[in-house]
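First the structure, in the form of structure tokens, and then the observations on it.
Number of protein chains: 4
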Amino acid sequence: MERPHTGRRRNEAAREAVIDAAIALLQDVGYEGFTIERLAKDAGVGKQTVYRWWPSKAAVVAEAIGTRAQHTIPLPDTGALGTDLAEFFQTTFRQSEDPAVINQLKHMMAASIENPETAAPFKEFLANRRASLRSLLERGAARHEMADGTDLDFLTDLAYGLLWYRGLIGHRPLDDDAARKLAAALVAASAPAPSAPSDS
Amino acid sequence: MERPHTGRRRNEAAREAVIDAAIALLQDVGYEGFTIERLAKDAGVGKQTVYRWWPSKAAVVAEAIGTRAQHTIPLPDTGALGTDLAEFFQTTFRQSEDPAVINQLKHMMAASIENPETAAPFKEFLANRRASLRSLLERGAARHEMADGTDLDFLTDLAYGLLWYRGLIGHRPLDDDAARKLAAALVAASAPAPSAPSDS
Amino acid sequence: MERPHTGRRRNEAAREAVIDAAIALLQDVGYEGFTIERLAKDAGVGKQTVYRWWPSKAAVVAEAIGTRAQHTIPLPDTGALGTDLAEFFQTTFRQSEDPAVINQLKHMMAASIENPETAAPFKEFLANRRASLRSLLERGAARHEMADGTDLDFLTDLAYGLLWYRGLIGHRPLDDDAARKLAAALVAASAPAPSAPSDS
Amino acid sequence: MERPHTGRRRNEAAREAVIDAAIALLQDVGYEGFTIERLAKDAGVGKQTVYRWWPSKAAVVAEAIGTRAQHTIPLPDTGALGTDLAEFFQTTFRQSEDPAVINQLKHMMAASIENPETAAPFKEFLANRRASLRSLLERGAARHEMADGTDLDFLTDLAYGLLWYRGLIGHRPLDDDAARKLAAALVAASAPAPSAPSDS
DNA sequence: CGCTAAACGAGACGGTACGTCGTGTCTTCTG
DNA sequence: CAGAAGACACGACGTACCGTCTCGTTTAGCG
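Given below as structure tokens:
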């Protein structure tokens, strides 16, 4: 019937070494300048081993991106949307101020632009991040801190848009002040109604 | 003194041939696969002539894109911030929905990430776009449609952040609805004060 | 221990293809005009393969010369120095009248002048040729057809000097007459003594 | 009369600067490595000025060679062929032992091989040198120091053959001993007749 | 335990494109 | 209007990687 297997098994250590080296290399030189030759040497692996398991540079990068894009931001729960958001953005922005992190994110974005194959895992990563923020907003909506019919996806994109825009261009910082203003803006943009001045 | 110049001048025809060929080639094979060798041959130009005037593939591409990317958005002036913004974003978003345009912008961004050397003209381009929007917002501030001390740069980044975030990822459209919501969000985020109810 | 070798071994066929192509190319276009690019293409080999094994154009040419410069002239043995020499020179000169041969020799000489790196194998080749003639002369000396203390190296240089001088300049032919005269001149220059006839 | 001439006259100094630089450059780097670009820069001259007056690198080299190759050997006149020749060869060989001289001669030869265009002035130079020696031999023939019908051209080639052969290869010196042996060899090879004892 | 077979590090292979340099031609400006 | 400066189209230079192909070695299951 089916021959189960013969010969040496795949060396998992080699696989990990390649992925780790890929992440480091991507951060270092970007998607352009990313070389299988260099990757293999950095990983201490033969070129053929790379080609045996990944069909292309894009595939390695894609897997590297997918593997690394796991880190999550803890969702705060202070009971009020404004403070929840402010805290969430502060944590997020502080992470993004780390040059290594922003560098990695930028190069992941560039890779995603250059090659659609790498885009898929990257987009999934982004979708996960959006989902985090959305659940925060949903909590606010459930507490009626938002007008009915508020477009949560829009607000999410607004928030991550600021993060990425400043992160990619670097013309202005992602500091605590920006986090506070962003939280306030989201709250203002989703405020329930202009009529009844709030009390509570 | 100043030596005015000696020797043959730059051949403008060659420059144009290169830029034209670059645009065609970019559309044909994309940023990857874009070869200086092929570019020179297509343009009927020596490779050296390309390298003489552009430091890198990215630089040629940047200029090619920049040459074509002259489209300016007319600043509407309806007398009210909300409608001005809505109109501005609608026009902007509609342009960005063109696959060719968004593709060029994405590749400009990727090139800017991969190669900081090319980033300068791109950042200037972005700064110009921000300045357009900012002048619109300033008009609103002058009309006291905004709270004192509103951070116009923050609002600008918020707006372009949404544009770029959706443009780069493509997970949701930049349609008229988004434009309207964005205008409303900016207005809400900069509203003069919750205390004094409006009196139209 | 000793690492025996790792990785694929050198492809001997490629080496031979390069050398063969080098010989042909050298004959065709000379040392100038000899292009590594063309050599690689003619040999059906990657340029890198050439550069991997030879440090320079000169080195390839040197090896090509060394490989090809094996053809030996049979040493005649008629029992008398004069006829031995005459026969040897006739054979040698006739070979040298072939335009292809003389062309190759000239270009070898030029290469040896231009680039000392190529000189070594060429000089060895020349030394081999001198050794052939010298053994002929030694036989004559052993038969006491020469004066004691005759400088065989000088005679050898005299003979090959004529060959090369005419070969390089081409102002006069290397024909049978020249061969005969050369043989006679060597015999005269090495004659044992003015034994019987002359006095003084 | 004469047209007063308009505009700048041809700069003879530029021509000389080129030739001088060519000689120096040729000695320095040989025919290979000889660059018009470098020549123009060394001469402090525009490339076009070189091309205006010489059709090719070979032509410049040819003229440089022709200009410099003027040095003549004084013809000795001792009354006897053997001593005349010995003196002539000693003088000639001593000049040729100068590394600068031999280097220049070798590169001239190489240039002549590589590029037939440069060969003409070089061959003329060689012909002049042969003519010198031939006139010496003719004097000996006139004095009946030679057999009737001796091939003077052959003897000339024999002599210069030795000079060039040793000069080009450098395996043995062109010293006074060699000069003496060469003179003796020529005398022996042209001796009037073994039978008839001399009767001066 | 010995055999077969696959995976491994290493690295040579035929290629393509790189960015630089020199060619010979052609402006352009200065003296 | 000759001459320097230098841009031009062309093409070879020597290098870096591409993706494929041996090599000899290591490691696993099967008989």
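Just so you know, the sequences run in chain order A, B, C and D.
If you use the UniProt record's numbering, the first sequence corresponds to residues 1 to 200, in order.
If you use the UniProt record's numbering, the second sequence corresponds to residues 1 to 200, in order.
If you use the UniProt record's numbering, the third sequence corresponds to residues 1 to 200, in order.
If you use the UniProt record's numbering, the fourth sequence corresponds to residues 1 to 200, in order.
In this text, a Cβ means the ideal position worked out from N, Cα and C, and glycines have one as well.
- request: Pick helix, strand or coil for C:R8, following the three-state DSSP scheme.
  value: Translated into positions along the third sequence, residue 8 of chain C becomes position 8. For C:R8, the three-state secondary structure derived from DSSP is coil.
query: When we look at the beta-carbon of residue 205 of chain B and count the other beta-carbons within 10 Å, is it buried (16 or more) or exposed?
result: Residue 205 of chain B lies beyond the residue range present for chain B, which begins at 1 and ends at 200; the question has no answer from this structure.
- prompt: When the Cα of B:E63 is compared with those of B:T83, B:A21, B:K47, which residue comes out closest?
  reply: As a working mapping, residue 63 of chain B is identified with position 63 in the second sequence. Scanning B:T83, B:A21, B:K47 for the CA closest to the CA of B:E63 turns up B:A21.
- request: Could you name the residues of the same chain whose beta carbon sits closer than 6 Å to that of A:R172, not counting the 5 residues immediately before and after it, in chain order?
  value: Your numbering for residue 172 of chain A matches position 172 in the first sequence. Taken in chain order, the residues that qualify are R166.
Reference B:M109, options B:R139, B:R15, B:A59, B:I19, closest by Cα: Along the second sequence, one-based indexing puts residue 109 of chain B at 109. Nearest of B:R139, B:R15, B:A59, B:I19 to B:M109, Cα basis: B:A59.
Neighbourhood of A:A141 by C-beta, 6 Å cutoff - its chain only, sequence neighbours within 5 removed: On the first sequence, residue 141 of chain A is found 141 positions in, with the first residue counted as 1. Excluding sequence neighbours, A:A141 sits near nothing in its chain.
task: For D:E87, count neighbouring Cβ atoms within 10 angstroms of its own Cβ and tell me buried if that reaches 16, exposed if not.
output: Taking the fourth sequence and counting its residues from 1, the one referred to as residue 87 of chain D is at position 87. By the C-beta density criterion, D:E87 is buried, having at least 16 other C-beta atoms within 10 angstroms.
task: Find out if the Cβ-Cβ distance for the pair B:A14, B:V45 is shorter than 8 Å.
output: If you number the second sequence from 1, residue 14 of chain B lands on position 14. If you number the second sequence from 1, residue 45 of chain B lands on position 45. Going by C-beta atoms, B:A14 is nearer than 8 Å to B:V45.
message: Counting only Cβ pairs nearer than 9 Å, list the residues of chain C close to D:R166.
response: Here the question's residue 166 of chain D lines up with position 166 in the fourth sequence. Think of a sphere of 9 Å around the beta carbon of D:R166: the chain C residues whose beta carbon falls inside it are D157, G161, in chain order.
- prompt: Between C:L85 and C:K41, what straight-line distance do the alpha-carbon atoms span, to the nearest angstrom?
  reply: Stepping through the third sequence from its first residue, residue 85 of chain C is reached at position 85. Stepping through the third sequence from its first residue, residue 41 of chain C is reached at position 41. Going by the C-alpha atoms only, they are around 44 Å apart.
query: Leaving out the 5 sequence neighbours to the left and right, which residues in its chain are closer than 6 Å to B:T150 when beta-carbon positions are compared?
result: In the second sequence, residue 150 of chain B corresponds to position 150, counting from 1. Cβ neighbours of B:T150 within its own chain (closer than 6 Å, five residues either side excluded): S190.
query: Assuming A:F93 contacts A:A178 under a Cβ cut-off of 8 Å, what Cβ separation, rounded to an integer in Å, is found between them?
result: Within the first sequence, the letter at position 93 stands for residue 93 of chain A. Within the first sequence, the letter at position 178 stands for residue 178 of chain A. Cβ atoms of A:F93 and A:A178 come within 8 Å of each other, at about 6 Å.
- request: Helix, strand or coil for C:G46, going by three-state DSSP, please let me know.
  value: Mapped onto the third sequence, residue 46 of chain C falls at position 46. C:G46 falls in the coil class under three-state DSSP.
task: Residues of the region 139-158 of chain A with a CB closer than 7 Å to any CB of chain B: list them in chain order, please.
output: The residues in question are D151, D153, F154, D157, L158.
Length at least 4, wholly inside the region 103-182 of chain A: the alpha helix (DSSP H) runs in chain order: Within the region 103-182 of chain A, the complete alpha helix (DSSP H) runs of at least 4 residues are 116-142, 152-169.
- prompt: If you pair each beta-carbon of the region 117-137 of chain C with each one of the region 71-78 of chain C, do three or more pairs fall below 8 Å?
  reply: In short, these stretches touch, since the Cβ pair count reaches three.
- prompt: Whose Cβ in chain B lies nearer than 7 Å to the Cβ of A:R172?
  reply: Here residue 172 of chain A corresponds to residue number 172 of the first sequence, with the count starting at 1. For A:R172, the neighbours in chain B by C-beta distance under 7 Å run, in chain order, D153, D157.
message: Does A:T35 pass the burial test, meaning 16 or more other C-beta atoms within 10 Å, or should it be called exposed?
response: Translated into positions along the first sequence, residue 35 of chain A becomes position 35. An exposed status is given to A:T35, since fewer than 16 other beta-carbon atoms sit within 10 Å of its beta-carbon.
- request: Return yes when the Cβ of D:L174 is within less than 8 Å of the Cβ of D:K106, no when it is not.
  value: Here residue 106 of chain D corresponds to residue number 106 of the fourth sequence, with the count starting at 1. Here residue 174 of chain D corresponds to residue number 174 of the fourth sequence, with the count starting at 1. D:L174 is positioned such that its CB atom lies no closer than 8 Å to that of D:K106.
B:E32 vs A:G30 beta-carbon contact at 8 Å: Within the second sequence, the letter at position 32 stands for residue 32 of chain B. Within the first sequence, the letter at position 30 stands for residue 30 of chain A. Taking 8 Å as the Cβ cut-off, B:E32 and A:G30 do not qualify as a contacting pair.
- request: Identify which residue in A:G82, A:D28, A:E37, A:I65 has its Cα closest to the Cα of A:H144.
  value: Numbered from 1 along the first sequence, position 144 holds the residue referred to as residue 144 of chain A. Among A:G82, A:D28, A:E37, A:I65, the Cα nearest to that of A:H144 belongs to A:G82.
task: Inspect the beta-carbon positions of C:G161 and D:W53 and report whether they are closer than 8 Å.
output: As a working mapping, residue 161 of chain C is identified with position 161 in the third sequence. As a working mapping, residue 53 of chain D is identified with position 53 in the fourth sequence. When the beta-carbon positions are compared, C:G161 and D:W53 stay at least 8 Å from each other.
task: Examine chain A for any beta-carbon lying closer than 8 Å to the beta-carbon of B:E37, and answer yes or no.
output: On the second sequence, position 37 is the one that residue 37 of chain B refers to. No - not a single Cβ of chain A is within 8 Å of the one on B:E37.
- prompt: Mind listing which residues of the region 107-136 of chain A have their C-beta closer than 9 Å to chain B's C-betas, in chain order?
  reply: Hits within the stretch, in order: H107, M109, A110, A111, S112, I113, E114, N115, A119, F122, K123, L126, A127, R130.
task: Measure from the C-beta of A:E32 to each C-beta in chain B and report whether the shortest distance is under 8 Å.
output: Numbered from 1 along the first sequence, position 32 holds the residue referred to as residue 32 of chain A. Using a CB distance cut-off of 8 Å, A:E32 counts as an interface residue toward chain B.
task: Check the Cβ-Cβ distances between residue 203 of chain B and every residue of chain A, and say whether any is below 8 Å.
output: Since the first and last residues shown for chain B are 1 and 200, residue 203 of chain B lies out of range.
task: Verify the CB distance criterion: does B:A24 have a CB-CB separation below 8 Å to chain A?
output: Residue mapping note: residue 24 of chain B aligns to position 24 of the second sequence, counting from 1. No, no contact with chain A.
query: If you measure from the beta carbon of C:A191 to each beta carbon in chain D, is any gap under 8 Å?
result: On the third sequence, residue 191 of chain C is found 191 positions in, with the first residue counted as 1. Judged by the 8 Å Cβ criterion, C:A191 is in contact with chain D.
query: Looking at the unbroken alpha helix (DSSP H) that takes in C:G82, where does it start and where does it end?
result: Against the third sequence, residue 82 of chain C aligns to sequence position 82. Secondary structure note for C:G82: its alpha helix (DSSP H) is the uninterrupted segment 81-97.
- prompt: Short check: CB of B:G66 to CB of B:F125, under 8 Å?
  reply: Indexing the second sequence from 1 puts residue 66 of chain B at position 66. Indexing the second sequence from 1 puts residue 125 of chain B at position 125. Yes, the Cβ-Cβ distance between B:G66 and B:F125 is below 8 Å.
query: When the distance is taken between beta carbons, is C:Q104 closer than 8 Å to C:Q27?
result: Here residue 27 of chain C refers to the residue found at position 27 of the third sequence. Here residue 104 of chain C refers to the residue found at position 104 of the third sequence. Here C:Q27 is near C:Q104, since their CB atoms are less than 8 Å apart.
query: A:E63 lies in the alpha helix (DSSP H); which residues open and close that run?
result: On the first sequence, residue 63 of chain A is found 63 positions in, with the first residue counted as 1. A:E63: member of the alpha helix (DSSP H) spanning 57-68, first to last residue.
message: Can you tell me whether A:W54 is helix, strand or coil according to DSSP?
response: Here residue 54 of chain A refers to the residue found at position 54 when the first sequence is read from its first residue. Taken through DSSP and simplified to helix, strand or coil, A:W54 comes out as coil.
- prompt: Shorter than 8 Å from the beta carbon of D:A178 to some beta carbon of chain C?
  reply: As a working mapping, residue 178 of chain D is identified with position 178 in the fourth sequence. D:A178 counts as touching chain C.
task: Look at the alpha carbon of B:L186 and the alpha carbon of B:L39, and state the distance between them as a whole number of angstroms.
output: Looking up residue 186 of chain B in the second sequence gives position 186. Looking up residue 39 of chain B in the second sequence gives position 39. One C-alpha to the other measures close to 44 Å.
message: Considering only the alpha carbon of each residue, which of C:A100, C:T91, C:V50, C:A80 lies closest to C:D176?
response: Numbered from 1 along the third sequence, position 176 holds the residue referred to as residue 176 of chain C. Comparing Cα-Cα distances from C:D176 to each of C:A100, C:T91, C:V50, C:A80, the minimum goes to C:T91.
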